[in-house]
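For what it's worth, our numbering labels the leading residue of the sequence shown as 572, then goes sequentially. Reading through the structure tokens given below for one structure.
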Amino acid sequence: MANSYLTKTLGSPTNNYKWTYSVWVKRSKLGTEQNITEVYSNNQNKGRIMFRTDDQLEILDLQSDAYVMQKKLNRKFRDTNAWYHIVIANDSTIGSPDIKIYVNGVEETSFATDNEYTQNQASLFNSAIANYIGSAQSGVNFDGYMSHFAFVDGTALTPTSFGQTDSTSGIWKFKSPSGVTWGTNGFHLKMENSAALGTDSSGNTNTFTVNGNLKQALDTPSNVYATINSLGYAVSNNWTVANGNTSKASTPTTNAWRSGYGTIGASSGKYYWEFKVDQIESSDPNNIMVGIIDAEKMKHESNNDYFTKQLYAYGYHAQAGNKMTGNGSSSVSSSYGAVYTANDIVGIAMDLDNSKIYFHKNGTYQNSGDPTSGSTGTGSAFTIQSGITYLPAFAQYYGNEHFSINMGNGYFGTTAITSAGSNGNGSLFEYDVPSGYYALNTKNINTYG
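Structure follows, in structure tokens:
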């Protein structure tokens, strides 16, 4: 949602003193100010729920250019692979504490700033003014994913109206809102209709207008997909990642090998994903590589390094079409397949049950590889070390070499795949997924890993 938002001007509320927000968010970018939602009359009268540059959550209500309420948590929200369930409930009729903040079902009690409404203080939240989700007036747009954004007019609720603890894992998980009286201004945006992401499912007609380049993702609180890890060395120091951490889009001023990694790894099962070259260096093209790496070796990454120097790392290099394997200090290169360049799509089929990995270029598996051949590894497949948890890995040399990944959401950056291949099992890929392979997400790892 980095350049997108939803907007609606609500009407007169059922009860201005009582309300509840509930939203699931997955952050993509850290260290920047980002709004989850804001209500706005003018610069002297506005309310915001946001992440500050220190990655702490804050809610504020500014009226006549003075804060009538401002609360900021001490905890930091820095896990870009996790969905956070945030519930904020207000009842200013009871006096302090009137604002309660919950994260993943647990009430927060440690605050950097803790200024409550006075008793019976009217709130700008739940007022008849413009409401924005993902930002607008402030210009600090949310960068990441949102799901099931709900607002309740007239009641201060607890998180159990929107989530529950899984009886097996003990993890807080989504549930459909139950026992909720929405009130006049209440709404529930499931964001499940790609053509109308602002549709209200509460039973009211408080549908929001979509603005900007908003895209639907299959990544949800119930099923998390892998993305590019924004805490990796290259991303933290050189790369800019965009589009929900699925694209490397920056242009560093100095040229050096840099590597990035996925947020989800696996040690068993069969998984498939796609990698697209968006832009290359014309004077010395195709210094780009895609593959996998032992998750433990990610700890040793540094600048001016490519991931296949590490032990238990395997890559397919664009420039010569060679396969690259790491020995702990350098990379061994050997003949493998065709070169690939701008607009080419590389498919990766990782068979951890038989310790093999296969790569295709635009649908043709290199070196006559057959990902369904099992232990025989037809077509001189890469044989990889068994018993390792592997992450997707990516590397590039020139700053203007850009790429995007499709882990199953059906997009390369903001561009939808041309036409979905077969065997996606609910995920969307450009090319056919080999039989027995699945997208790299938490549901598939739990089921097939």
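For every residue, glycine included, the Cβ atom is placed at its ideal position computed from N, Cα and C. Given the structure is predicted, the values throughout are model-derived calculations rather than measurements.
Taking the CA atoms as reference points, residue 820 sits about 38 Å from residue 946. Beyond the five residues adjoining it in sequence on each side, residue 853 comes within less than 6 Å, by CB distance, of no other residue in the same chain. Taking C-beta separations shorter than 8 Å and ignoring five residues to either side along the sequence, the partners of residue 994 in its chain run 1003, 1004, 1005, 1006, 1008, following chain order.
Boundaries for residue 804: no beta strand (DSSP E) harbours it, while the alpha helix (DSSP H) harbouring it runs 804-808, taken from the DSSP string. Residues of the same chain with a CB within less than 6 Å of the CB of residue 703, apart from the 5 flanking positions on each side, are 576, 578, 609 in chain order.
In the three-state reduction of the DSSP assignment, residue 842 falls in the strand class. In this structure, residue 604 lies near residue 624, with their beta-carbon atoms less than 8 Å apart. For residue 941, the CB contacts under 7 Å within the same chain, skipping 5 residues up- and downstream, are 949, 950 in chain order. When the beta-carbon positions are compared, residue 792 and residue 747 stay at least 8 Å from each other. Judged by DSSP secondary structure, residue 1013 falls within the alpha helix (DSSP H) whose first and last residues are 1013-1019. With respect to the 8 Å criterion, residue 953 and residue 911 are not classified as neighbours on the basis of their beta carbons. The beta carbon of residue 734 is closer than 7 Å to those of 656, 676, 743, 744, 745, 746 in its chain, skipping five residues each way along the sequence. Around residue 664, the same chain offers 588, 589, 690, 691 as residues with beta carbons nearer than 8 Å, after the five sequence neighbours per side are excluded.
Measuring C-alpha to C-alpha distances from residue 673 to each of 770, 613, 730, 808 identifies 730 as the nearest. For residue 939, the three-state secondary structure derived from DSSP is helix. Its chain contains 920, 936, 940, 942, 952 as the residues whose beta carbon lies nearer than 7 Å to that of residue 929, once the 5 sequence neighbours on both sides are disregarded; these appear in chain order.
In the structure shown, residue 963 adopts extended strand secondary structure according to DSSP, grouped into three states. Under a 10 Å Cβ-count criterion, residue 865 is classified as buried, with 16 or more other Cβ atoms of the shown protein chains found around its own Cβ. Counting every other CB atom within 10 Å of its CB across the protein chains shown gives residue 727 a total of 16 or more, marking it as buried. Annotation for residue 926: 954, 955, 956, 957 place their beta carbon closer than 8 Å to its own, counting only its chain and skipping 5 residues before and after. For residue 721, the uninterrupted beta strand (DSSP E) run begins and ends at 715-724, by DSSP.
Non-local C-beta neighbours of residue 616 in its own chain, meaning closer than 6 Å and more than five positions away in sequence, comprise 634, ordered along the chain.
The Cβ atoms of residue 922 and residue 841 lie closer than 8 Å to each other. Taken through DSSP and simplified to helix, strand or coil, residue 892 comes out as coil. For residue 904, the closest alpha carbon among the candidates 894, 913, 898 is that of 894. In this structure, residue 597 and residue 849 do not form a Cβ contact; the two beta carbons are roughly 23 Å apart against a cut-off of 8 Å. Inter-residue distance for residue 803 and residue 639 is about 39 Å (C-alpha atoms, whole angstroms). For the stretch 579-632, not one full-length alpha helix (DSSP H) segment reaches 4 residues or more. When the alpha-carbon of residue 906 is set against those of 826, 830, 630, 896, the nearest one is in 896. Across the structure, residue 666 and residue 642 are spaced so that their CA atoms are roughly 15 Å apart.
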